[in-house]
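Student:
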Amino acid sequence: MKAISYSRYGSADVLEYGERPDPKVGPDSVLVKVRAAAVNPVDWKAREGYLQAGLEAVFPVIPGWDVSGVVVQPGAAVDEFAVGDEVIGYVREDFLSRGTFAEYVAAPVRTLARKPLSLSFEEAAGLPLCGLTAHQVLYRTLKVQEGETVLVHAAAGGVGSLAVQLARHAGCRVVGTAGPHNHEYVRHLGGEPVEYGDGLAARLRALVPDGFDAAFDTVGGEALRASADTLAPDGRLASIADAEVFSYGGRYAFVRPDAADLAHLAELAERGIVSVHVDRVFTLEQAADAYRLNEEGRTRGKIVVTVDWQD
Numbered sequence: 433m434k435a436i437s438y439s440r441y442g443s444a445d446v447l448e449y450g451e452r453p454d455p456k457v458g459p460d461s462v463l464v465k466v467r468a469a470a471v472n473p474v475d476w477k478a479r480e481g482y483l484q485a486g487l488e489a490v491f492p493v494i495p496g497w498d499v500s501g502v503v504v505q506p507g508a509a510v511d512e513f514a515v516g517d518e519v520i521g522y523v524r525e526d527f528l529s530r531g532t533f534a535e536y537v538a539a540p541v542r543t544l545a546r547k548p549l550s551l552s553f554e555e556a557a558g559l560p561l562c563g564l565t566a567h568q569v570l571y572r573t574l575k576v577q578e579g580e581t582v583l584v585h586a587a588a589g590g591v592g593s594l595a596v597q598l599a600r601h602a603g604c605r606v607v608g609t610a611g612p613h614n615h616e617y618v619r620h621l622g623g624e625p626v627e628y629g630d631g632l633a634a635r636l637r638a639l640v641p642d643g644f645d646a647a648f649d650t651v652g653g654e655a656l657r658a659s660a661d662t663l664a665p666d667g668r669l670a671s672i673a674d675a676e677v678f679s680y681g682g683r684y685a686f687v688r689p690d691a692a693d694l695a696h697l698a699e700l701a702e703r704g705i706v707s708v709h710v711d712r713v714f715t716l717e718q719a720a721d722a723y724r725l726n727e728e729g730r731t732r733g734k735i736v737v738t739v740d741w742q743d
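If you want it as structure tokens, here you go:
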């Protein structure tokens, strides 16, 4: 099969497009013909070696954890999916090797859910990792409740945009940081936009004088410090970007595959409660350029790579 892979840690320049062996399908997995795979910051951080303390790389590594596609072969023990089923998945294992930037991926059923019919394959590919991250942080880590005021950083990004929608669905008032060019988009999602940068904490206090009930940091650094400075006395803080959160009494979160959570997100997408904005689409051969764009950190919604489809 055709795939993107890398044989050493490094920049996007180490990514190569070429032939890789077809994946073997274990008893609890299905073979998915990939229609689209989304780019996430964690992908390039892993490629550059930042996650090697917790995720061993078995080279050559095919990157990518997000996928949408069609089941072409169920494993021997699988009765959840059949040939022809359209699925989405956050296909993460506890090591780096068998990712989704390929024509096929062998995906454990614990990582999959049925694709929402209302989303294109490109949109659906952007839902799993970011949606699960937002879902698990808001509902499990922060335990947001109706009527609370929630701060979401990078509210126009992949995780942030879904967090705004999910928090609004939970009945929360949502304030989201974003660049001025994304303020209207954040309003469209249901959030109240605030410009990040110097003076952020003062702007947040002016908007929410009593402090935030919960803050979701996706950026780290100054954004995390501003979050801690503007919490209500009993406010909760979580970060997916900066372990310094522990020093503020907050919690660090790392998303995990969860088929039930993913199915719930797919249902919300089907009902029009959450949507995925696709900023740019690249072909599989152009995946290195997709990663370079993602590394600039200015994406609205998701960057997606598509794979040629032939029946």
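If you're matching positions, the sequence shown starts at 433 in the working numbering and goes up one per residue. Each residue gets a CB set at the ideal place from its N, CA and C atoms; glycine is no exception. Note that this is a predicted model, so its numbers are computed, not measured.
For H567 and D693, I'd like the C-alpha separation in whole angstroms.
Tutor: Their backbone Cα atoms lie some 8 angstroms apart in a straight line.
Student: Quick check: what's the CA-CA separation for A539 versus D511?
Tutor: A539 and D511: Cα-Cα distance of roughly 14 angstroms.
Student: If you scan the segment 660 to 692 from start to end, which runs of the beta strand (DSSP E) of 3 or more residues do you find wholly inside it?
Tutor: Runs found: 663 to 671.
Student: Spatial neighbours of I705 within its chain, please: C-beta separation below 8 angstroms, excluding the five flanking residues on both sides.
Tutor: Around I705: Q597, H601.
Student: Would a C-beta distance cut-off of 9 angstroms place A720 and V736 closer than the cut-off?
Tutor: No; because the gap between Cβ atoms is not below 9 angstroms, this pair is not in contact.
Student: If the criterion is Cβ atoms closer than 9 angstroms, does the pair D674 and G652 meet it?
Tutor: Yes.
Student: Check H637 in the structure and name its three-state DSSP category.
Tutor: The residue you asked about is not His; residue 637 is Arg in the sequence shown. Of the three classes helix, strand and coil, the one that applies to R637 here is helix, per DSSP.
Student: Are V490 and V464 close, meaning C-beta to C-beta below 9 angstroms?
Tutor: Contact: no.
Student: Is the separation between the beta-carbon of L594 and that of W497 shorter than 9 angstroms?
Tutor: Contact flag unset, no.
Student: Counting beta carbon pairs with one atom in the segment 614 to 625 and one in the segment 661 to 676, are three or more of them shorter than 8 angstroms?
Tutor: They do not touch, by the three-pair rule.
Student: Starting from A545, follow its DSSP beta bridges and name the residues at the other end.
Tutor: DSSP lists I520 as partners of A545.
Student: Return the first residue and the last residue of the beta strand (DSSP E) that G450 is part of.
Tutor: Where G450 is concerned, the enclosing beta strand (DSSP E) stretches over 448 to 451.
Student: Mind checking T650: buried by the 16 CB within 10 Å criterion, or exposed?
Tutor: By the 10 Å Cβ count, T650 comes out buried.
Student: Is F714 helix, strand or coil by DSSP?
Tutor: Residue state, collapsed to three classes: strand.
Student: With which residues is Y482 paired in a DSSP beta bridge?
Tutor: Partner(s): none; Y482 has no beta bridge.
Student: Straight-line CA distance for Y536 to L639?
Tutor: Approximately 48 angstroms between the Cα atoms of the pair.
Student: Ignoring anything shorter than 3 residues, give me the beta strand (DSSP E) runs that lie fully in the segment 530 to 574, in order along the chain.
Tutor: 536 to 540, 544 to 546, all fully within the segment 530 to 574.
Student: Between which residues of its own chain and E488 is the CB-CB distance below 6 angstroms, once the five residues before and five after are set aside?
Tutor: F527.
Student: For A685 versus S671, is the C-beta spacing smaller than 9 angstroms?
Tutor: Yes, they are a contact pair.
Student: Would a check of beta-carbon distances place R635 closer than 9 angstroms to chain D?
Tutor: The structure shown has no chain D; it contains just one protein chain.
Student: Quick one: give me the first and last residue of the beta strand (DSSP E) that G608 is part of.
Tutor: Per DSSP, G608 belongs to the beta strand (DSSP E) from 605 to 609.
Student: Can you have a look at S439 and say buried or exposed, based on whether 16 or more other CB atoms are within 10 angstroms of its CB?
Tutor: Classification of S439: exposed, given that the 10 Å Cβ count is below 16.
Student: Assess contact between the segment 514 to 526 and the segment 578 to 585, defined as three or more Cβ pairs (one per stretch) separated by less than 8 angstroms. Is contact present?
Tutor: With the cut-off at 8 angstroms, the segment 514 to 526 and the segment 578 to 585 do not touch.
Student: Does DSSP classify R467 as helix, strand or coil?
Tutor: Three-state DSSP puts R467 in a strand.
Student: Look at the alpha carbon of N726 and the alpha carbon of A509, and state the distance between them as a whole number of angstroms.
Tutor: So the two alpha carbons sit approximately 38 angstroms from each other.
Student: Is it the case that the Cβ atoms of R546 and V519 are separated by a distance below 9 angstroms?
Tutor: Taking 9 angstroms as the Cβ cut-off, R546 and V519 qualify as a contacting pair.
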